[in-house]
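Working notes, structure below.
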Amino acid sequence: MKKNDLFTVKIEGMGNEGEGIGKVDGFPLFIKDALPGDTVSVKAVKIKKTYGYARLMEIQEASPDRTEPGCLLNRACGGCQIQALSYEKQLEFKWEKVRNQLVRIGGFTDPLVLPVIGMEEPYHYRNKAQFPFGRDRDGKNVTGFYASRTHRIIPNTDCALGVPENQQILKIILEFMDKEGIAAYEETSGEGLLRHVLIRKGFATGELMVCLVINGEEMPGIEALADSLFEIPGMTSVTLNINQKNTNVIMGEQLIPVRGKTFITDRIGPIQYQISPRSFYQVNPVQTKRLYETALEYAGLTGTENVWDLYCGIGTISLFLAQRAGKVYGVEVVPEAVADAEKNAQLNGIRNVEFYLGKAEEVLPDKYKKEGIRADVIVVDPPRKGCDAACLDTMIRMKPKRIVYVSCDSATLARDLKILCEGGYELVKVQPVDMFPQTAGIENTALLKWREEK
Ligand code: SAH
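With my numbering applied, the sequence shown corresponds to residues 1 to 454, in that order.
Printed below as a string of structure tokens:
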């Protein structure tokens with residue numbers, strides 16, 4: 001088999017990124033946008049030793065699990081991978097992905113993976129969007145989403161996962177750029193001013209935030225732009241974020257207030273949260289409530305426990321847990337997020353929490369060595385790369401009765417659960433929650449018990 005060869009294949013499985021997998025004489029090919037049950041003609045694009053990649057040319061026979069995608073650009077845009085798959089089958093795919101990774105990477109023989117908690121309305125669920133700005137071939141300013149694995153912008157102001165206000169906001173910004181002659185930033189040359197816009201909406205409060213990321217220290221005409229943006233109902237915060245580095249990281253460190261507050265407020269369940277532009281906040285509020293309720297249930301609190309919430313962001317999970325714990329300690333590396341967390345505790349009149357600024361893998365070992373801290377329950381919710389070895393090691397030494405591991409990446413979750421189980425824990429169960437419908441992503445909450453507690 002070589003590049004550009006043509007084949008007809010029946011799709012029999014799905015890869016972790018949602019690609020269809022079909023075999024040609026036993027040799028597996030990964031095919032983006034092909035679905036199990038399809039028969040497709042494909043062209044080989046890259047052949048490796050034991051597998052290859054092929055491009056979908058034509059669907060000869062469509063899978064019965066195909067459905068009408070919610071967005072016409074779903075194949076070109078890198079944001080969604082499996083819109084064409086019925087939602088029911090999306091949930092099955094995610095369940096199998098989690099289970100397979102626990103078996104293959106985690107070494108568990110028969111892990112208890114509960115059915116995925118799905119959404120009733122799996123579109124327009126995102127409270128946050130980050131749109132890049134660029135120029136098309138004719139030099140016109142555009143915004144949209146990056147095509148899969150590239151930084152080529154697919155123009156689109158109306159993402160089917162986002163809120164309707166996105167379109168209105170983007171239209172205002174694009175018109176403003178044309179009028180004021182504001183150039184979009186270009187990665188290759190490092191020139192141009194406007195890089196990205198971050199838009200966030202509090203689903204419970206209706207509050208809207210717009211943060212413009214610029215390659216400079218000021219933006220000409222920003223007051224007029226703020227006037228137009230503040231005509232949109234719910235607009236609460238317009239800010240500038242300065243990022244003059246040639247990097248893939250979207251936000252820089254400096255925030256400049258422009259109009260209104262520098263944060264928005266939202267509610268999940270009974271708790272209110274203040275959210276700054278650089279603070280992490282779960283993107284799907286409907287599912288977040290279910291995720292946090294699961295985490296709270298798994299923590300098994302009775303009102304007296306000492307709890308550590310590592311990677312705590314703005315204290316979302318910490319405050320949920322504090323309702324039923326003796327004391328909760330949060331650890332977070334972004335200073336604005338820790339400031340938000342402290343504010344949020346106050347806002348809700350919650351006093352049994354304390355937050356520490358720093359890396360979990362430094363704060364926890366340090367406090368354990370110097371102060372001999374202890375925990376009945378440890379909750380972790382790390383970014384995709386999972387927990388650092390030093391953090392896992394200290395958790396094992398501290399021997400909390402329960403560990404609740406919240407994760408947005410099932411591969412690193414499986415890797416870390418293996419380490420914790422080798423250190424004396426037992427995996428009780430894993431609850432997947434579909435935070436990211438139409439994409440291959442899946443969030444999980446895992447419960448581990450110290451093996452003596454049986
Ligand atoms: N539990 C929170 C945040 C989870 S996202 C919530 O549900 O909203 C992960 C968080 O970990 C982010 O806020 C990120 O800033 C933080 N983080 C990343 N690396 C970290 C590290 N090494 N130590 C502590 N926090 C870290």
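For every residue, glycine included, the Cβ atom is placed at its ideal position computed from N, Cα and C. All figures in this text were calculated on a predicted structure; none of them were measured in a lab.
Between which two residues does the beta strand (DSSP E) carrying A141 extend? Looking at the sequence shown, residue 141 is not Ala but Asn. Taken as a continuous stretch (DSSP letters only), the beta strand (DSSP E) holding N141 covers N141 to Y146.
Put N344 into one of helix, strand or coil per three-state DSSP. helix
Same chain, Cβ closer than 8 Å to Y281, neighbours up to 5 away in sequence not counted: N127, K128, R200, D266, Y273, I275, G313, I314 and T316
Roughly how many angstroms separate the alpha carbons of Y146 and A76, rounded to a whole number? 9 Å
Around the C-beta of D25, are 16 or more other C-beta atoms found within 10 angstroms, so that it is buried, or is it exposed? exposed
So for N444, helix, strand or coil by DSSP? strand
Can you check DSSP and say which residues form a bridge with F131? V197
For a test of the three-state rule: what should DSSP assign to M219, helix, strand or coil? coil
Are the CB atoms of F7 and I21 nearer to each other than 7 Å? no
Tell whether a beta-carbon distance below 7 Å holds between P36 and Y87. no
Three-state secondary structure assigned by DSSP to Q287: helix
Check this for me: beta carbons of C459 and A411, under 7 Å apart or not? Because the chain in this structure spans residues 1 to 454, residue 459 falls outside the shown range and cannot be described.
Selection from Q81, V98 and M1 that minimises the alpha carbon distance to K48: M1
Determine contact between the segment 235-243 and the segment 211-218, defined as no fewer than three beta-carbon pairs at a distance below 8 Å. yes
Mind listing, in chain order, the continuous beta strand (DSSP E) runs of no fewer than 3 residues lying wholly within the segment 346-425? 353-357, 377-380 and 402-407
So, using beta-carbon positions, are D309 and V328 closer together than 7 Å? yes
Please state whether DSSP places R104 in a helix, a strand or coil. helix
Beta-bridge partners of F7, as assigned by DSSP: V42
Cβ atoms of G144 and I153: under 7 Å apart, would you say? yes
Taking DSSP as the reference, what is the three-state secondary structure of D434? coil
Between V334, G303 and P400, which has its C-alpha nearest I378's C-alpha? P400
Opening and closing residue of the beta strand (DSSP E) in which Q254 lies: Q254 to G260
At a cut-off of 6 Å, is P220 close to ligand 1 when judged by its beta-carbon and the heavy atoms of the ligand? no
For N156 versus L73, is the C-beta distance shorter than 7 Å? yes
Starting from the N-terminal side, write out each stretch of the beta strand (DSSP E) that is 3 residues or longer and does not extend beyond the segment 33-92. 39-47 and 52-61
Among residues of its own chain, excluding the 5 on either side of P365, which ones have a beta-carbon nearer than 7 Å to its beta-carbon? A390 and T394
7 Å Cβ cutoff met for R397 and G424: no
Do C408 and E443 have their C-beta atoms closer together than 7 Å? yes
Here's the rule: buried if 16 or more other CB atoms are within 10 angstroms of the residue's CB, otherwise exposed. What is D381? buried
For P155, the residue or residues it bridges with in DSSP: G144
For G79 and S148, I'd like the C-alpha separation in whole angstroms. 7 Å
I'd like the span of the alpha helix (DSSP H) that includes T316, first residue to last. T316 to A322
Does the beta-carbon distance from S279 to K261 come in below 7 Å? no
Reducing DSSP to helix, strand and coil, say where R248 ends up. Looking at the sequence shown, residue 248 is not Arg but Asn. Correct three-state label for N248: coil.
Check the C-beta distance from Q431 over to L102 and give it rounded, since I have them as a contact under 8 Å. So it is not a contact: roughly 13 Å between Cβ atoms.
Check whether the Cβ atoms of Q287 and V433 sit closer than 7 Å, and answer yes or no. yes
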